Amino acid sequence: MAAGACRASTTSPQRSHDPSPLAHSAAAERNQAPILAVLQTLLPPQGAALEIASGTGQHAAHFAAALPGWTWQPTDLHDQHFGAIAGWAAQAGARNVLPPRPLDVRAADWPADGPAFSAPFDLVYCANMLHIAPWACCAALMQGAARHLAPGGRLVTYGPYLEDGVPTAPSNLAFDASLRAQDPDWGIRRLADVARTAADAGLRLAARHALPANNLLLVWTRATPAAPSVPPHP
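Position one of the sequence shown corresponds to residue 1 (UniProt numbering), numbered consecutively onward.
Shown next, in the form of structure tokens:
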């Protein structure tokens, strides 16, 4: 990934491979079941999902096949995996996966090219992007999600995080060091910093789910507006 780009697949660059005929991520194959188990407790029977940084498209295919009442819009910064995204969806029989769209989270409008999305989304989903993208992409993700979420919608992010007061697994510390050695703009993000950035976009952390391999699934919703003050009686 080029420096400065807000793009990720559903795993890190070190953990993916691309055998023929479809690009494949071993990590996505491992984590899709536990992620889906949480999504099935969160989501209503029907809705529309926007996936940011779809990568190989394995998550899109797996989730859409298991959630037939949902339409799933995959996106990625570049089109190099678009064939795989469509291929995994076809292999899973997931006709509710829409054709992938190019999307850069930093753009003022999502998507910057082509027709605009026709309606807001009930779910914006982003896995394993924040730690292999510049920090500015976190704010861009939060702001874009806030613009495109329907009332009552959720942003779900998945990946490793550093938490204050929670011991960090040695494997995550080593992973963080390896990321920063590859690119100083990368690295596992502190959850407190992510939450502050979300708050700036009008989102709050509504739920935290611990998943295997020291990863978290985080659910973000719009912050409840403050109640208007009642003027005193004259």
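Using N, Cα and C, we set each Cβ at its ideal position, and we do this for glycine too.
The structure displayed is predicted, hence computed values, not measured ones.
Taking three-plus beta-carbon pairs below 8 angstroms as touching, is the stretch 164-172 in contact with the stretch 130-147?
Because the criterion of three Cβ pairs below 8 angstroms is not met, the stretch 164-172 and the stretch 130-147 do not touch.
At least 3 beta-carbon pairs within less than 8 angstroms: the stretch 92-102 vs the stretch 119-138
no
Integer Cβ distance of V219 from A206, believed to fall under 8 angstroms
As a first step, residue 219 must be located in the sequence shown, where it is residue number 219. As a first step, residue 206 must be located in the sequence shown, where it is residue number 206. Rounded, the Cβ-Cβ distance is 5 angstroms, consistent with contact.
For the beta strand (DSSP E) that contains R180, what are its first and last residues?
Counting from 1 along the sequence shown, the entry for residue 180 is found at position 180. No beta strand (DSSP E) holds R180; the alpha helix (DSSP H) holding it covers 170-182.
T157 in three-state terms, based on DSSP:
Position 157 of the sequence shown, counted from the first residue, corresponds to residue 157. In this structure, T157 counts as strand in the three-state DSSP scheme.
With distances taken Cα to Cα, identify the nearest neighbour of T71 among L217, A48, G114, P44.
Counting from one through the sequence shown, the residue named residue 71 turns up at place 71. Comparing Cα-Cα distances from T71 to each of L217, A48, G114, P44, the minimum goes to A48.
Given a cut-off of 7 angstroms, decide if Q40 and G69 are closer than it, judged by their beta-carbon atoms.
Within the sequence shown, the letter at position 69 stands for residue 69. Within the sequence shown, the letter at position 40 stands for residue 40. In this structure, Q40 does not lie closer than 7 angstroms to G69 by Cβ.
Nearest-angstrom Cα separation, counted from P44 out to A64:
In the sequence shown, residue 64 corresponds to position 64, counting from 1. In the sequence shown, residue 44 corresponds to position 44, counting from 1. Answer to the nearest angstrom: the Cα atoms are 13 angstroms apart.
Which one of L36, A53, W110 has the shortest CA to CA distance from L130?
Locating residue 130 in the sequence shown gives position 130, counting from the first residue. Selected option, being the one with the closest Cα: A53.
Give the range of the beta strand (DSSP E) segment to which P74 is assigned.
The residue you call residue 74 lines up with position 74 of the sequence shown. Its beta strand (DSSP E) spans residues 70-76.
What span of residues does the alpha helix (DSSP H) with N31 cover, start to end?
Mapped onto the sequence shown, residue 31 falls at position 31. Looking at the DSSP string, the run of the alpha helix (DSSP H) that includes N31 is 26-42.
Give me the Cβ distance between I132 and L179, rounded to the nearest whole Å; I'm assuming they're in contact under 8 angstroms.
Here residue 132 refers to the residue found at position 132 of the sequence shown. Here residue 179 refers to the residue found at position 179 of the sequence shown. About 7 angstroms; that satisfies the 8 angstroms criterion.
Is it buried or exposed for L217, if we count other Cβ within 10 angstroms and need 16 for buried?
Numbered from 1 along the sequence shown, position 217 holds the residue referred to as residue 217. It is buried - the Cβ of L217 has at least 16 other Cβ atoms within 10 Å.
Cα separation between D109 and A199?
Counting from 1 along the sequence shown, the entry for residue 109 is found at position 109. Counting from 1 along the sequence shown, the entry for residue 199 is found at position 199. If you take the alpha carbons of D109 and A199, they lie about 20 angstroms apart.
Whole-angstrom distance between L77 and A223, CA atom to CA atom:
Position 223 of the sequence shown, counted from the start, is the residue given in the question as residue 223. Position 77 of the sequence shown, counted from the start, is the residue given in the question as residue 77. Distance between the alpha carbons of A223 and L77 is about 28 angstroms.
Hey, quick one: how far does the alpha helix (DSSP H) through A89 stretch, first residue to last?
Position 89 of the sequence shown, counting from 1, holds the residue named residue 89. A89 -> alpha helix (DSSP H) spans 82-92.
First through last residue of the alpha helix (DSSP H) which encompasses D122:
Here residue 122 refers to the residue found at position 122 of the sequence shown. D122 -> not in any alpha helix (DSSP H); beta strand (DSSP E) instead, spanning 121-127.
G87 vs L36 beta-carbon contact at 7 angstroms:
Locating residue 87 in the sequence shown gives position 87, counting from the first residue. Locating residue 36 in the sequence shown gives position 36, counting from the first residue. No, they are not a contact pair.
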